[in-house]
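Structure first, then comments.
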Amino acid sequence: MVEAEKPPKRQKLLSPRSHPSPPLSPPPPTPPPPPTPPPISPDEILQRRRNKEEIRNVFESYKRIKFCIDQKDKRETEEAYLCLISAAGGCNCSFSILA
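Under the UniProt record's numbering, the first residue of the sequence shown is numbered 1, with each subsequent residue one higher.
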């Protein structure tokens, strides 16, 4: 005799539990919003732009050197290295890249 397929099991409905009432205490006070930073001066904005531009120039020179090394072109590598040194002008972070 072939056993007939069993019907799917029925899920039991759970009755909602009664939750205990929360204690009557005031909610904790919300912390004050963080203070807004002072506005940036125009000189500082210009300084940041110059720094970003210097870093961009150094990185482009670095990529150019990597490309020249991959191509094994000594003349272009030397030119790119000199360009990197001149782009590094006075940026302290670029000196660590050159090292």
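Positions of the beta carbon are idealized from the N, C-alpha and C atoms, including for glycine. Since the structure is predicted, the reported quantities are computational estimates derived from the model, not experimental observations.
In this structure, how does DSSP classify residue i when only helix, strand and coil are distinguished?
i	result
Glu54	helix
Pro38	coil
Ile47	Correcting the residue identity first, residue 47 is Gln in this sequence and not Ile. In the structure shown, Gln47 sits in a helix (DSSP, three-state: H, G or I).
Beta-carbon separation of residue i and residue j under 8 Å?
i	j	result
Ile69	Leu84	no
Glu54	Ala80	no
Worksheet item: Is it true that the stretch 26-40 meets the stretch 53-60, where meeting means three or more beta-carbon pairs spaced less than 8 Å apart?
Response: Contact between the stretch 26-40 and the stretch 53-60 is absent, because fewer than three Cβ pairs lie under 8 Å.
Discussion item. At 4 residues or longer, what runs of the alpha helix (DSSP H) sit wholly inside the stretch 59-94?
Written reply: Residue ranges of uninterrupted alpha helix (DSSP H) with 4 or more members, entirely inside the stretch 59-94 and ordered along the chain, are 74-87.
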